[in-house]
Amino acid sequence: MITVHRPLDELAEVLPEPLAAYHGALEVQLRAAPAGRGTEISARALNDSVSDGDIRRLLRESRSLLEVGDILQPGGPTTTPTVTNAPLRAATRHGREGGLL
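Residues 1 to 101 in full-length UniProt numbering are what the sequence shown lists, from first letter to last.
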């Protein structure tokens, strides 16, 4: 579940593109956040075609799109790929699928 700083009535008509692309594979629920702090969006898979990591990524991309107007990406690499920076490159590549990065 994520909280988006947008009123429920703005989001109730059309789902953001990342979530709309998985129509039929996800159950998406919208509800007003407590104390008028925006809208809570939750999603769960209806079958095994969408993993938990994919759902987290879709929710994060949706929040970025709704609040900023674009899906923000992490900065590009500052160095050439090496064995030493391989763990950081892997974490950046999969950062939206897991917990905090």
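Each residue gets a CB set at the ideal place from its N, CA and C atoms; glycine is no exception. Quick caveat, the model's predicted, so the values are computed rather than measured.
Would you kindly work out how many angstroms separate the C-alpha atoms of residue i and residue j, rounded to a whole number?
i, j, result
"Glu97", "Arg57", "5 Å"
"Pro18", "Leu59", "8 Å"
"Leu101", "Thr92", "Confidence in Leu101 is poor, its pLDDT being 46 and thus under 50, which makes the residue's placement unreliable; the coordinate value appears in the next sentence. One C-alpha to the other measures close to 8 Å."
"Arg31", "Ala12", "9 Å"
"Ala21", "Ile55", "12 Å"
Count the other CB atoms within 10 Å of the CB of residue i; is the residue buried (16 or more) or exposed (fewer)?
i, result
"Ala86", "exposed"
"Ser62", "buried"
Under the three-state reduction of DSSP, which class applies to residue i: helix, strand or coil?
i, result
"Ala86", "helix"
"Glu27", "strand"
"Ala12", "coil"
"Ala35", "helix"
"Thr79", "coil"
Are the segment 24-41 and the segment 1-8 touching by the rule of at least three beta carbon pairs closer than 8 Å?
yes
Alpha helix (DSSP H) runs contained entirely in the segment 41-66, provided each spans 4 or more residues:
none
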